[in-house]
Amino acid sequence: AQGLEQQRLRVVVPGRLLLHKGLHLLSAMVGELTQFAEVLLLGCGDYGLPFRGIEHVEVIPNYVNAALGNHVHDFAPDCALLVSVLPESFSYTLSEMFALGVPVVATRLGAFAERIEDGGNGFLVEPDSGAVLRCLRELAEDRVSLERVASNLQTQPVRSAGEMVGDYRELLRRDAQASVPS
């Protein structure tokens, strides 16, 4: 049994579970997903509470932000799952997973579609429980793609909030200069 447990895909679902964050997708697939995966609902809030008691699902409704890295490290996920069904404008959670070197499987919407290069720094799927399950099952059966993406993430620089603010200031400065009449 120990060997089987080590082979199970380890999936962290970071952030609040809400309707627009794909709660219904996760609900629809949790039964099949837990046949081949260990799942950690990390920071899921009250909507994650009904998942307590499901075999192969660990629920941490809330945590202190500074503890995110420790929770992720302790769980040692193979990938993170972000299944929003409405487009997000940036996704700080995606940035956190990138910074922690965790490959992300995400719905092909909004910022996920803009920021994830499918197979390069993560995986994109249609916002459909069947599509998500197919992708996760493929990754569970062949870990080479996950290993490649994890390796790629290790080479990506992690940008601080200060660096990003500096970029915005430079853009605003250029925009202001461009709008000054000659």
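To convert, note that position 104 of the sequence shown is 519 in this note's numbering; the numbers rise steadily by one, no gaps.
The beta carbon of each residue, even a glycine, is placed where N, CA and C say it ideally should be.
Please read these numbers as outputs of a predicted model, since none were measured by experiment.
Check your understanding: What are the start and end residues of the alpha helix (DSSP H) that includes A526?
Key -> Mapped onto the sequence shown, residue 526 falls at position 111. Its alpha helix (DSSP H) spans residues 525 to 530.
Review point. Taking V559 as the reference, which of G581, G534, A546, P572 has the closest Cα?
Key: On the sequence shown, residue 559 is found 144 positions in, with the first residue counted as 1. Among G581, G534, A546, P572, the Cα nearest to that of V559 is on G534.
Review point. How far does the alpha helix (DSSP H) with R549 in it reach, from first residue to last?
Key: If you number the sequence shown from 1, residue 549 lands on position 134. Under the DSSP assignment, R549 falls in the alpha helix (DSSP H) whose first and last residues are 544 to 556.
Check your understanding: What separation, rounded to the nearest whole angstrom, lies between the Cα atoms of V519 and L586?
Key -> Stepping through the sequence shown from its first residue, residue 519 is reached at position 104. Stepping through the sequence shown from its first residue, residue 586 is reached at position 171. Looking at the two C-alpha atoms, the distance is approximately 29 Å.
Exercise for review: Classify E420 as buried or exposed, calling it buried when 16 or more other Cβ atoms lie within 10 Å of its own Cβ.
Suggested key: Within the sequence shown, numbered from 1, the residue matching residue 420 stands at position 5. For E420, the predicted model reports a pLDDT of 46, less than 50, meaning its position is unreliable and no value from the coordinates is stated.
Check your understanding: If we count Cβ pairs, one from each stretch, closer than 8 Å, do we get three or more for the stretch 434 to 450 versus the stretch 479 to 489?
Key -> The stretch 434 to 450, when compared against the stretch 479 to 489, does not touch it at the 8 Å Cβ threshold.
Review point. Can you list, in chain order, the residues of its chain whose CB lies under 7 Å from that of H435, leaving out five sequence neighbours each side?
Key: Position 20 of the sequence shown, counted from the first residue, corresponds to residue 435. For H435, where only same-chain residues beyond five positions count, the Cβ hits under 7 Å are S499, V500, L501.
Practice item. Put G535 into one of helix, strand or coil per three-state DSSP. Key: Along the sequence shown, one-based indexing puts residue 535 at 120. Reduced to three states, the DSSP call for G535 is coil.
Exercise for review: May I ask you to report which of helix, strand or coil DSSP gives L455?
Suggested key: Along the sequence shown, one-based indexing puts residue 455 at 40. Correct three-state label for L455: strand.
Practice item. Measure the C-alpha to C-alpha separation of L424 and V573 and round it to an integer number of angstroms. Key: To locate residue 424, count along the sequence shown from 1; it is residue 9. To locate residue 573, count along the sequence shown from 1; it is residue 158. Between L424 and V573, the C-alpha separation is close to 26 Å.
Point to revise | Candidates D461, A526, V547, A491, of which the one nearest L433 by Cα | key: Within the sequence shown, residue 433 is the residue found at index 18, counting from 1. Checked all of D461, A526, V547, A491; the closest Cα to L433 is D461.
Review point. Across which residues does DSSP place P476 in a beta bridge pair?
Key: Within the sequence shown, numbered from 1, the residue matching residue 476 stands at position 61. DSSP, once it has assigned bridges, lists no residue as partnering P476.
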